[in-house]
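Worksheet: one structure, shown below.
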Amino acid sequence: MATQSKMDRLKAFGLPAVHDPNDELSSNNSLHRCTNIDAECALPWAALKADPEAQARTVSEILYGEPLQILDRRDNWLKVAAISDGYIGWVLAGATMRGLTKPTHRVRVPMSHIYREPDLKSEPLLPLPMLSYVHIRTPASVENGFLPHENGGYIYAAHLSPLGAFSDDPVAIAESFLGTPYLWGGRTLIGLDCSALVQLALSAAGHRVLRDSTSQFNSLGRPLEKAETPSRGDLAFFPGHVGWMIDGVHLLHANATHMAVTIDTVEDVTAWLKAEGHKKPFSGFRRL
């Protein structure tokens, strides 16, 4: 019965299988093959740290309502694996919550808010980044364009998608982050990195993929042949870097050169990396 309960809990979040053809979840020390949900993220977003201390490097972020498996505890820190991608890190225990009911919706826009009242002039109580899980109180009807959140407050209905409803254009999702600051380990409109831009866009389109660009290169799509021309929706890979092709020449990517999500040519990005000393500055295109 316990095993069935854990499986039902996983299904409650509408999660497809992780796209992991090379079984990195078993071979990569940064990843864990999650089997159950122990907690969810209680903050709008929280840093996953490499070690259980505030000064440690941030390796990723978890988002509001995102499910977690607890692996260990050290003082006020929990070692967790994010159910969405198996990524392991340390988070302050106060950033998590337990015993939530089944989520009903996810945030579909780069950023939304929980408001005190169903009124655009009402006080915002909590920001909600894209892909946050929320539970809309049922039965519920739209009031002044807003839906009631189970834990109090209201969320603008057009900013939500029912669980299991996905976008059919991940590139359009990625384009909505144009101008967002670059942030190592980030996964929100406040700041994100290159592989997060790919992961978030694909997650919004119904795909559950690995977090890092190297893992994405090894697991996503197929390589383009030399005679094939890249097109919108292909991924361009470089050493430790990835971006979305928006046409045959330009890519959208979160990058440290501009410290932002920008549009640049593949030729320019290749030149930057060559100048940094990479002998093979371009790794190739992959088509999903």
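Heads up, the sequence shown is in this note's numbering, so the first residue is 58 and it goes up one at a time.
All C-beta atoms, glycine included, are put in the ideal place defined by N, C-alpha and C.
This one's a predicted model, so the numbers in the text were calculated from it and none came from an experiment.
- For Q273 and S83, the gap between their C-alpha atoms comes out near 16 Å.
- Residues of the same chain with a CB within less than 7 Å of the CB of R344, apart from the 5 flanking positions on each side, are G278, R279, L281 and D291 in chain order.
- A contact is defined here as three or more CB-CB pairs under 8 Å, and the segment 214 to 223 fails this definition with respect to the segment 238 to 255.
- For Q273, the secondary structure class from DSSP, reduced to helix, strand or coil, is helix.
- DSSP places A261 within a helical segment (H, G or I) once states are collapsed to three.
- Closest in C-alpha terms to V323, from the list M316, L257 and H310, comes H310.
- Per DSSP, reduced to three states, the secondary structure at G151 is helical.
- For H76, same chain residues with a beta-carbon under 8 Å away, outside a window of 5 residues either side, are H264, R265, V266, L267, S276 and L277 in chain order.
- For the pair H206 and H192, the CB atoms are nearer than the 9 Å cut-off.
- Taken in chain order, the unbroken stretches of beta strand (DSSP E) that lie wholly in the segment 150 to 234 and span 3 residues or more are 162 to 164, 168 to 172, 181 to 186, 203 to 205, 211 to 213 and 217 to 219.
- In the displayed model, T314 falls within coil according to three-state DSSP, outside both helix and strand.
- The Cβ-Cβ distance between Y213 and F223 does not fall below 9 Å.
- Residue pairing by DSSP puts I119 in a beta bridge opposite A103.
- If you ignore the 5 residues before and after N201, its C-beta comes within less than 7 Å of the C-beta of P175 and D176, all in its own chain and listed in chain order.
- Taking the Cα of L259 as reference, the smallest distance to any Cα among T237, F342 and P227 is reached at P227.
- With contacts defined by Cβ atoms closer than 9 Å, L330 and H298 form a contacting pair.
- At least 9 Å separates the beta-carbon of A138 from that of C98.
- For N208 and H335, the gap between their C-alpha atoms comes out near 50 Å.
- The C-alpha of F295 lies about 12 Å from the C-alpha of W301.
- In the DSSP secondary-structure assignment, F339 is not bridged to any residue.
- Rounded to the nearest whole angstrom, the CA to CA distance from P238 to R289 is 23 Å.
- Relative to L182, the option among G210, D80, V116 and R131 whose CA is nearest is G210.
- H89 and L128 do touch by the CB rule: their CB atoms are close to 7 Å apart, below 8 Å.
- The Cβ-Cβ distance between P73 and A96 does not fall below 9 Å.
- When beta bridges are read from the DSSP output, V299 appears opposite F294.
- W134 has R131 and L149 as its beta-bridge partners, per DSSP.
- Taking the Cα of W102 as reference, the smallest distance to any Cα among A113, M154, G71 and S233 is reached at M154.
- Across the structure, M316 and A253 are spaced so that their CA atoms are roughly 14 Å apart.
- By the beta-carbon neighbour count (other beta carbons within 10 angstroms, threshold 16), P196 is exposed.
- Contact between P160 and Y121 is ruled out by a C-beta separation of about 10 Å, above the 8 Å threshold.
- Secondary structure note for E81: its alpha helix (DSSP H) is the uninterrupted segment E81 to S84.
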